[in-house]
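The structure under discussion appears below in the form of structure tokens.
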Amino acid sequence: MQSLRFLNGQCSKHLKSAFQPIQSNLPHTCQRGNWSYFCPPLSLRSNSLIAAAQGGDGCTSPQGHSSTRDIAQDDTVACASSSAIQLERARPDRTSTHETTKELQQTEQHPLLFWPNILGYVRCLLLLGGYVLTFHSPTAALFCFLANLLLDSIDGLSARYFNQTSTFGAFFDVLLDNATRGILWSLALPYGLGSLFLILEMSVLVATHQVANVSTGADWKGALARGDDAGQQPPSFVSRIMANNFRTPLGCYVIVGLMGLPLWAWGLQFLPSSNILRHPALGAVLLPGRVMAAVVELWVLSKHFGSLLCQDAVAAAARGR
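In numbering that gives the first Met the number 0, the protein residues as written are 0 to 320.
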């Protein structure tokens with residue numbers, strides 16, 4: 000019993016001398032007499048000693064104790080139990096935390112279920128339907144292709160409206176655009192010449208999205224327009240076309256020519272002669288936009304090939320050292 004009281008008193012002295020110099024900088028103190036006992040977090044082992052020295056609640060001591068040496072062994076045991084209860088209450092509820100995390104994960108929408116990507120799935124069905132209906136009902140196929148192009152103009156707006164932009168969505172959108180134009184060109188031109196357009200556009204897709212994966216994410220258009228993937232500025236003509244992600248009068252005209260000319264060429268082959276889409280004037284309006292788009296595509300490819308050759312030259316120089 001005497002040993003326990005002596006140990007209790009020594010611990011109290013050490014705690015008092017250790018905490019007293021910094022008590023003014025601490026956020027929470029437990030008043031006792033003319034000085035303050037610091038109440039550390041319950042997870043600290045010294046908390047049980049403080050609680051034992053102060054009588055059970057970790058902050059206030061029972062009336063009649065003028066010093067920690069007056070605390071009996073039974074009080075020490077009781078205070079240790081109280082400290083254990085407080086420590087258990089202070090411990091975070093892992094079950095509730097796990098449930099909350101699970102609820103948050105359930106509320107988070109997967110990128111595959113983003114509204115812009117759902118519109119892309121509908122575009123896939125419309126593209127397939129248009130291809131099949133071309134040989135049976137060209138007018139119905141025309142509506143499928145037009146609906147496909149209409150959704151292409153809406154998915155970007157929906158991505159910004161719902162704040163659901165994603166790298167997958169940006170790639171998926173361009174892939175669908177290339178597939179739509181490739182199918183239209185393949186149906187419109189004889190002898191497989193339409194595949195040349197598909198090869199060109201797929202090559203540009205690889206070049207632009209390799210840049211996107213390295214440095215710019217979904218903002219591959221802005222990266223090419225600014226030239227910030229390798230520090231090289233594009234020609235002014237290309238910058239004007241691609242400025243603000245093609246959302247300028249010139250950029251919109253180029254996109255209309257890029258998307259509209261293959262549809263016009265397809266209509267020449269499959270639509271009745273009375274249909275307005277077969278009018279030569281429409282093709283004359285769309286052709287310059289497609290030519291300007293081809294200039295941008297060829298610049299992108301030349302830039303990409305130059306970057307690859309530069310990387311090979313640097314690697315060869317490194318091996319030769």
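Ideal Cβ placement from N, Cα and C applies to all residues, glycine included.
For residue i and residue j, what's the separation of their Cα atoms in angstroms?
i: His-303; j: Asn-243; result: 21 Å
i: Arg-239; j: Ala-139; result: 37 Å
i: Gln-268; j: Trp-184; result: 11 Å
i: Trp-114; j: Ile-153; result: 10 Å
i: Ser-273; j: Gly-288; result: 25 Å
i: Leu-125; j: Tyr-190; result: 25 Å
i: Asp-176; j: Gly-319; result: 44 Å
i: Leu-262; j: Val-313; result: 44 Å
i: Ile-275; j: Leu-188; result: 19 Å
i: Val-205; j: Asp-311; result: 18 Å
i: Ala-292; j: Gly-305; result: 20 Å
i: Thr-247; j: Phe-144; result: 25 Å
i: Tyr-343; j: Ala-315; result: Residue 343 is absent from the structure shown; the chain starts at 0 and stops at 320.
i: Leu-149; j: Leu-112; result: 20 Å
i: Cys-309; j: Leu-127; result: 41 Å
i: Ile-117; j: Glu-107; result: 16 Å
If distances are taken between C-alpha atoms only, which option among the options comes closest to residue i?
i: Gly-129; options: Gly-119, Phe-142 and Leu-118; result: Phe-142
i: Trp-298; options: Pro-271, Val-203, Pro-189 and Asp-176; result: Val-203
i: Thr-207; options: Ala-315, Pro-234, Leu-174 and Thr-179; result: Leu-174
i: Gly-282; options: His-109, Gly-256 and Glu-200; result: Gly-256
i: Gly-193; options: Trp-265, Pro-234 and Asp-311; result: Trp-265
i: Pro-279; options: Asp-172, Leu-111 and Leu-260; result: Leu-260
i: Leu-132; options: Leu-186, Val-284 and Ser-165; result: Leu-186
i: Ser-165; options: His-109, Ala-178 and Phe-144; result: His-109
i: Met-201; options: Leu-300, Leu-307 and Leu-112; result: Leu-300
i: Met-258; options: Ile-117, Ala-317, Glu-107 and Thr-179; result: Thr-179
i: Leu-199; options: Arg-277, Leu-307 and Val-290; result: Val-290
Report back the beta-carbon spacing between residue i and residue j to the nearest angstrom; my notes put them in contact at under 8 Å.
i: Gly-181; j: Phe-170; result: Actually they do not touch by this definition, with Cβ atoms about 16 Å apart.
i: Asn-147; j: Arg-122; result: 5 Å
Please return the same chain residues whose Cβ sits closer than 8 Å to the Cβ of residue i, not counting the five positions on each side in sequence.
i: Val-295; result: Val-237, Ile-240, Met-241 and Val-253
i: Asp-172; result: Pro-115, Gly-119, Asp-151, Asp-154 and Gly-155
i: Leu-286; result: Gly-256 and Leu-260
Report the three-state DSSP secondary structure of residue i (helix, strand or coil).
i: Asn-116; result: helix
i: Leu-307; result: helix
i: Ala-242; result: coil
i: Asn-147; result: helix
i: Pro-271; result: coil
i: Pro-261; result: helix
i: Ala-188; result: In the sequence on display, residue 188 carries Leu and not Ala. In this structure, Leu-188 counts as coil in the three-state DSSP scheme.
i: Arg-180; result: helix
i: His-109; result: coil
i: Pro-279; result: helix
i: His-135; result: coil
i: Thr-247; result: coil
i: Thr-164; result: coil
i: Pro-287; result: helix
i: Arg-320; result: coil
Closer than 6 Å by C-beta to residue i: which residues in its own chain qualify, once you throw out the five before and the five after it? Chain order, please.
i: Pro-137; result: Phe-269 and Leu-270
i: Gly-250; result: Ile-240
i: Phe-167; result: Pro-110
i: Ser-235; result: none
i: Phe-245; result: Ile-254
Excluding sequence positions up to five away, which residues of its chain have a Cβ less than 7 Å from the Cβ of residue i?
i: Val-284; result: none
i: Ala-158; result: Pro-115, Thr-164 and Gly-168
i: Arg-277; result: Gly-266, Leu-267 and Leu-270
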